[in-house]
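Notes to accompany the following structure.
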Amino acid sequence: MTLNLIFKRMRREWRVLSILLLAVCLVTGFLALGPLYIRAVTEVDIRSALDSANPEELKITVVSDVPVDQNAENIIKEELGPLAVGVDRYIRAQYTAPEAPSGQGDPGTPQIAVCGFVMVLGANPDDGLPGANECYQPFAFERLDQLVNVVEGRLPERLATPDMVNAAGLSEEQQAAQQIGIYNRGQTEAVITPEVAETARLELGSRFYMGQVFTDGTSRVTSVVIVGIVEPKNPSDPIWTGNQMFLRGAEVEVNLTTTRYDWGMAFDPAAYQDWVAPVVPGTSYIWRIHTNPDVINSNNAGEYSAAYTSLQNRLGTALNGAQTFSGLAPLISGYDDRVKEAEGPIVLLSGAVLFIMLYHLVTTVSLILQQQGTEWSSISSRGGSTFQLMKLQFITVFLLGFIGFVVGPYLSRIFLFFMERFGPLAQALDGASFGNLETPVTSYLLSIAAGAACVTFLSLPAYPAAKKSLLRLKQATSRPPTKPFWTSFFLDFVLIIAGIGFVIRMYWIADGRIKDLYRYLINPAKMVQFVADHPSQTGGLKDPGNLLSMALLVTGIALFWLRIFPMLMGFVSRITSRRKALTGPLAVWNIERNPGHYAQLILLLIGTLALGTASLGLTATREAGGWRQAQKEIGGSARVEINPTQGDITNVAWDRFDGVADSANVIRVTGTALGRESFVLIGVNPEEFATAFPDYADEVAGLRDVPALTQPGIVLPDDANQLTVQVWSQSLATEEVPEPSVIISVYLIDAVGTPYLLQLSRDAGTNVTGPTGETSEPDAGPPPTPPEQWVTLSGYLPVSGRLPYRMWRIGMASRQGNLDSFTHKVYLDYWQTVDANGIATPLESYETQPAGWQPATFVSPFSGTWVPLDIAQRQIGGAQIQYVQNEVDPVAQDDSTALKIEYSVRRVSGRSTEPSVMIDTLPVDRIPAIISGKFADVFRGTGQGSANRGIPPLEVGSERDLNVDVGPGTVPFGFRVVGVTNEGFPTIDRRVTDDGTIEAAFIIVPLDVTRALMNQQTGGPSSFFDTNQVWLNLPEREPTDKLKQEIAQVPGVTVTRFAWDRFGQIQREPLPSAVAGLLYVGFIVSLILSLLDFAFYIIVTAKQRSFTFGVLRSLGWDTNNIWRLLLFENLALVVPALIIGTLLGAGLAYLLLPFLILAGNETLQFKPLEVVLMLVSLVGGFGVLLTLTATWLRSMSVNQVLRLGEE
Amino acid sequence: MRPYIKCDDLVKIYKIADLEVVALRGLDLEVDKGEMLALVGASGSGKSTLMNILGALDTPTTGQVWVGDYNLLEMSRPQQTLYRRTQVGFVWQQTARNLLPYLTARENVELPMALAKVGRRERHKRAQELLEMVGLGERLNHRPDRLSGGEQQRVAIAVAMANRPGLLLADEPTGEVDTEAAGIIFNTMHTLKDEYGVTIIIVTHDVSVANRVDRVIGMRDGRTVTEILRRRDGDVLVSDEEYAILDRAGRLQLPEAYIETLSLEDRVRLKLREDHIGVYAQHHSEETDEEEETTVGA
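Dropping the structure here:
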């Protein structure tokens, strides 16, 4: 066989071969896309991580105790290469301020710093060095002139050391200027900042010593002279981070009563080495290496990560244990592994899709070979062997395959370009580009593999064609085709059964029980969860058998279709043959006559549609699931974290912020109970939460019927700053004992339940405010209260609490001389507050009987019903109240009513009791709570571990009391279980490990009561619990810049996390995104191949069909009949494909779903419009081809057509 | 001496779906080396099947068939390919089957030689020689679309002769050309027969072609039924006689015309006479026979 023949053939068939070449290139490009796509997605993720990182985090810091030498520099260059683009070098003396003693026998921690003293002007140093009275942190910056501006004086210089005495050639003046030889004063020069100068009272020329004086009288000190006052050019320059001692110094607490001002100064680096290094306790040589993150990409991220580790090790060795650290390392580590992990399954999936494409090619090339049948017959009749004919085909397609292999990687880049704009990730990329990515070697290898597969699959049809070429000579081709070889040993059934076997294996392994298999099949979300939670187990995420199940099933179903299609058409033919019309039966007869090819066309359409449907389904599911997952991790569309002590967000109208539809306040606290078991406590307002996040409404439904917390006491106006009451005190004076001094303790709570104590007395200036736990006994010996008359007691309200305050209890803290016990009677009237302008607001004047006032039984305002009464209760007993009229003189005209309190003061446990009256206060019932399965398990009993054995987990209706350590203190926490959930909750950490899912135990409770409970026990003016997270619902998902600005202006906001950012990350997870992306590209390529295949079919059969149509027209058919015939035929082709393909695709997506671990446990979703668009695009493509064919056939006259047929 | 082609009781049965079609029913045929004969017969008489078998495109169901030293019944597929490549040449009625449209006349002729791995120089030489012999020495580099139908068929003959086969099978070679071209084609084949001693079998309906060969075998229902033998002295026809074929089993097919004339049907009576065998219709009486005998005898 000569190459000449082959090339001439190719030249003659250039149109056909061009189309075939296009098909081959599409296939090689597709297979090469997988690794490129994974890297591209990873690349975007890396870029996103690097671009959003704080530039300072990306620097690499080397801290060494010895100077960084040339060798170390070489190591840095070798390891980091182009990543390192600059360095800030500076030297810093070791400095640790002393830790002040706690005052309870703790001596504190000694400092590690160089100390000394400022020389007093006129003092003679030769008289000996006085004891050090201040300490310093010396610095030396390499580029000091670029970092600071000189305010006064000049920058420091390196002066000669005593051993540098070579004065040769220098004049006396020069020697004096350089302090050489006899002019050497042993000094080194330094600069300080204005703030240091002012605080330490230094000026130009100030001198000080630093170093150590030993007991034997010797010393190791250096003398420093201030030669300049400098200020930083850019105070926010990151180099000052960690070096604030130079800029500002620090006030150091030496002991309980003494503080000291320590400060820093900067030297010339060489001078530091000469003079300072020998006298300080230690020196750190610091390199801040600037990095160029642009050089990092998905291909070299792993290499740079390894280089960083190597750098750490080598510098550690070369520089005697030098430390190297950077925020860059965690950003770039792990990408290599993620790429590798994703690559295997993706290549497998691409391979599966590749089979569909190769089948397209086989069908297409079979058509071409059918067209070339005459030529092959001719060669065959001249003695061309089957091998020679196959060789002819092989060499032809080898050239195509070779070109395809070369073009494939480049074409894959075009696919990628397409994906950036139109693929399922276009939205997630949010305008980001895949960039100028280097094509990975794997892509080239896969392109070669695809090229080889194309050559093989394009050559294989040559064998039957060569065999058939002889049949053609024998005029036997019109005989019915024999059954395909695989039908004889039921390959289709074998594959389907094997596929089902693998599916069952995957699902069954989930729990190992048949009943669970059914449960998983009908509830794929559980299966998804299982597969995701057990990545390394058989049947888990990384099990390739799961993908194999799909490949086997799909292939088996395809073959089964080929088996049944002829029967199906035969059946349809029998039905249609009874009709009188000719078009329908003739169309079916045409298909029935050549069922194999029609079946293949339909099968390919089915495959194409399956890919498309699966791609659309997975993309839609991923989008919905990814967003759900992102929301679940973040907590709503955005989570604003707040430090409640730094700002009050009560009045922030979150839903007026840009793009915010709803918001929910959340308290999130980590607590421990039973010694060490930790859990997360989530406090929400159920109604508010359910309204803002309807998706989670069910998960807090159990809390929604719970009545709101009844707040105790009387609300004080927000503008009140003083509380007053009129008191009429019974006279008890005797000769030995003075009149009682009436003091009323008013117990307040603020808006978040933090308790405050306010003591009302006649002298408002002496009142004591503060949290209950922090008050001391009232001043001894308050003046007696004038008896038998109305006097005003008053006190100032605390200023640090959250408004409004509520007055819930008043305690009679009266004294009578030195008596430990006495009984007394007072009348109270006219409770009122006074604002800063002196305007009074009445609170209670007892015009009617005050129903809510009663003798106190609770020490705390939110006493839990589960907390037993204890000794503290006895401190508040002993008061009787009565609503009276006209018992005493009216406090004002027409006011004869008052509250009479008769009380007895005693001493209990060494303290005077405080008979109290409480106002509108009720105990709190056990808090309704929804708990996680883990919580139910951990806190099933009151013991730990094995102590709980045999005790069933908590369930709905269970009640439990725990003393929960919430950090600042312990809260007695009684709860009643109203729900148990195993579905997790937003922001609750779930970690997937090889051993399974580790989920934090959590409990969801109403916010207000929980906050009050915690604050009554642990709250204080500067530390209390309140909403520390606000979850926002952004319908548009993406936060606007305006929203970010608005949030930034809210006081107390520490950080804001957006689900949109996380959503982008999820969408860019290599494996799931590549699965959806490749299916999408696979669909597009397959659609193109389908159209090419169909076009070939039209071309090949055109002559035969045109002759047939010519005959039909000569018998009286018109062109409309022919058009209808073609339409019927193609309806038979497309309709089953549309139905079966879509269903099969949905099934494929259903089976693939478990691999999309981050799909947020979503069940399969479709966007109907997208599916319809896909079907329309396919039908449209076919319609265009069909119309072109029909138009061409119509344009021919009968004569022309018949002659054409004869040829 | 064994004839070049010897077919002995050839039977070929095709199976189409569940239906068996008997294409050849115990055909016997002997052809000598260098002979040129024509096969004629109605459609479905088995001509093409016989051609396919002789060309090793098909194998008989039973019987024996030898072409030269090749027992076509016992050949493996590679042997069949080799046989087609070296021992037999085909000329088909449709020119599209004979020639590859994208090759020149010379390249078409060289193709079978290339398949047989003949050296390039030898291919060139032989192709030129053959094309000159068929009268197309001036049109070596013309592609088929620039040749007339007759010229294409002559190129096809050159192609068929490329590997010097011993047997040339031509299926209606003049079917698509005019009379003049047909004459040229026939003369070309004659020349080749004389030059190379090739045995030529022509399947034809063309009476003029049948008249140009010395042996014409008529086929019907899968058997050879008649044979016309002509003797010539130079270009002058000396004798032209048609014979019925008596096969090895003694079977004889009567010409249709005889049967119709004598209204023979179902059964006939045979009478052995002194120098011939009489065939009589069933209704023919004994007396008539006697009379005829007398007449004959007289």
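Taken in order, these protein sequences are the chains called A and B. Following my numbering, the numbering of the first sequence begins with 105 at its first residue and continues without gaps. Following my numbering, the numbering of the second sequence begins with 149 at its first residue and continues without gaps. Ideal placement from N, C-alpha and C gives every residue a C-beta, glycine not left out. Bear in mind that the values here come from a model prediction, so they are computed numbers and not experimental data.
Which residues in chain B have a C-beta closer than 7 Å to the C-beta of residue i? List them in chain order.
i: R113(A); result: Y250
i: T478(A); result: A244 and R245
i: L574(A); result: L205
Verify the CB distance criterion: does residue i have a CB-CB separation below 8 Å to chain B?
i: G475(A); result: Correcting the residue type first, residue 475(A) is Gln in the shown sequence and not Gly. False, the Cβ-Cβ gap to chain B never drops below 8 Å.
i: Q492(A); result: yes
i: T106(A); result: yes
i: G488(A); result: yes
i: W1296(A); result: no
i: S402(A); result: no
i: L562(A); result: no
i: S1210(A); result: no
i: S592(A); result: no
If you draw a straight line from the alpha carbon of residue i to that of residue j, how long is it in whole angstroms?
i: E335(A); j: E246(A); result: 16 Å
i: L124(A); j: L564(A); result: 15 Å
i: L385(B); j: L400(B); result: 28 Å
i: T1074(A); j: S1016(A); result: 26 Å
i: L1216(A); j: T687(A); result: 11 Å
i: I343(A); j: V325(A); result: 28 Å
i: G368(A); j: P242(A); result: 5 Å
i: G455(A); j: V501(A); result: 20 Å
i: F966(A); j: L435(A); result: 47 Å
i: T725(A); j: I1170(A); result: 13 Å
i: T200(A); j: L137(A); result: 56 Å
i: N1336(A); j: V166(A); result: The first residue shown for chain A is 105 and the last is 1311, placing residue 1336(A) beyond what the model contains.
i: F1198(A); j: Y463(A); result: 13 Å
For residue i, write down the residues that DSSP places opposite it in a beta bridge.
i: Y1107(A); result: A small correction: the amino acid at residue 1107(A) is Ile; Tyr does not occupy that position in the sequence shown. L785(A) and I1035(A), per the DSSP bridge assignment.
i: T1085(A); result: S1036(A)
i: S391(A); result: At residue 391(A) the sequence reads Trp, which differs from the Ser that was named. W391(A) is bridged to V166(A) and R193(A).
i: N219(B); result: W214(B)
i: F561(A); result: DSSP lists no partner for F561(A).
i: G315(A); result: V325(A)
Counting contacts by CB-CB distance shorter than 8 Å, is residue i in contact with chain A?
i: T229(B); result: yes
i: A429(B); result: no
i: F334(B); result: no
i: P403(B); result: no
i: P260(B); result: yes
List the residues of chain A that residue i touches, going by C-beta distances under 7 Å, in chain order.
i: N219(B); result: Here the premise fails: no neighbours, minimum Cβ distance about 19 Å.
At a CB-CB cut-off below 9 Å, which residues of chain A make contact with residue i?
i: R233(B); result: R486, G487, G488 and S489
Taking Cβ-Cβ distances shorter than 8 Å, what residues in chain B pair up with residue i?
i: R116(A); result: P249 and Y250
i: S677(A); result: The premise fails here: S677(A) is roughly 16 Å from chain B at the closest Cβ pair, so nothing lies under 8 Å.
Name the chain A residues that come within less than 8 Å of residue i, Cβ to Cβ?
i: P264(B); result: It should be noted that the sequence gives Ala, not Pro, for residue 264(B). The contacting residues are G487.
Scan the segment 958 to 1020 of chain A and note each continuous beta strand (DSSP E) run of 3 residues or more that stays entirely inside, going in chain order. Complete beta strand (DSSP E) runs here, min 3: 983 to 989 and 1001 to 1009.
Return the chain-ordered ranges of every beta strand (DSSP E) run that is complete within the segment 421 to 464 of chain A and spans a minimum of 3 residues. 427 to 430
Could you give the uninterrupted runs of the alpha helix (DSSP H) lying entirely in the segment 227 to 279 of chain B, keeping only those of 4 residues or more? 243 to 246 and 253 to 263
In chain order, which continuous runs of the alpha helix (DSSP H) of length 4 or greater are located wholly inside the segment 1138 to 1220 of chain A? 1145 to 1152, 1163 to 1171 and 1174 to 1218
Identify every run of the alpha helix (DSSP H) within the segment 322 to 396 of chain A, keeping only runs that are complete inside it and at least 4 residues long; order them along the chain. 348 to 351
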